[in-house]
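Take -19 as the starting number for the sequence shown in this note's numbering and just add one per residue.
To start, the structure under review is shown below, and the notes come after it.
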Amino acid sequence: MPNNPPGGLGHVPVAVYFCATTSTALGESEERGRYYADARHWHVAGAWSDPDPALPLMERPGWQAVTAALSAGMIRGVVVSGLTHVAADTAQFAALGVLLRDRGGFLADASSGTLARRTPGQARRRRDIADAASGWFPQPDTHEEGAS
């Protein structure tokens, strides 16, 4: 299975993890994480949550399920809707990212960025490659500039 980096595109199975005290916050966090994964064409293999941010991360049942899925090879990465769902600060978040990388995965913060912009030529090339890979070949354009 390809090990695409967190900013990359590809059909990589990921988990969405979030921790919040209200059902509204849980729903918004899940939506943000799924949107982030979908924008990168990552497959969301599951979404896990915990309702108590005060509980240490390693003791949370939802987080334990995420790490079990990573260990079993069901997922390659974990998307969180904000680093505060899993860490107290950026240093702790980075250390958790290293821990997941050591286990063959990655950690992505959905609040940290967006997809890189692509030029129209890059988008068309990606579409052409995907069409060719699927065995579908579009008809060539019949309209050429200068033709009367």
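Just so you know, even glycine gets a beta-carbon here, dropped at the ideal spot from N, CA and C.
These numbers were taken from a predicted model, which means no experiment stands behind them.
Shortest alpha-carbon distance to W22 belongs to which of P41, A67 and V59? V59
Whole-angstrom C-beta distance between D89 and G57, which should lie under 8 Å: About 11 Å separates the two Cβ atoms, so there is no contact after all.
Residue closest to G7, alpha-carbon to alpha-carbon, out of P31, A67, R83 and L87: P31
In whole angstroms, what is the alpha-carbon distance linking P41 and A27? 13 Å
Expressed to the nearest angstrom, what Euclidean distance is found between the alpha-carbon atoms of V(-4) and I109? 29 Å
What is the C-beta distance between V(-6) and V24, in whole angstroms, given that I count them as a contact (C-beta under 8 Å)? 6 Å
Report the three-state DSSP secondary structure of D13 (helix, strand or coil). Going by the sequence as given, residue 13 is Gly instead of Asp. G13: helix per DSSP, three-state reduction.
Using the DSSP secondary-structure output, state which residues sit across from G130 in a beta bridge. Because the chain here runs from -19 to 128, residue 130 falls outside it and cannot be looked at.
How would you write the range of the beta strand (DSSP E) that D32 sits in, first residue to last? Here D32 belongs to no beta strand (DSSP E), and DSSP marks it neither H nor E.
Would you mind sorting R129 into buried or exposed? The rule is 16 or more other CB atoms within 10 Å of its CB. Coverage of the chain is limited to positions -19 through 128, which leaves residue 129 absent and any answer about it impossible.
Helix, strand or coil for A67 per DSSP? coil
Beta-carbon spacing of A17, H65 below 9 Å: no
By a C-beta neighbour count over all protein chains shown, 10 Å radius and 16 as the cutoff for buried, is V78 buried or exposed? exposed
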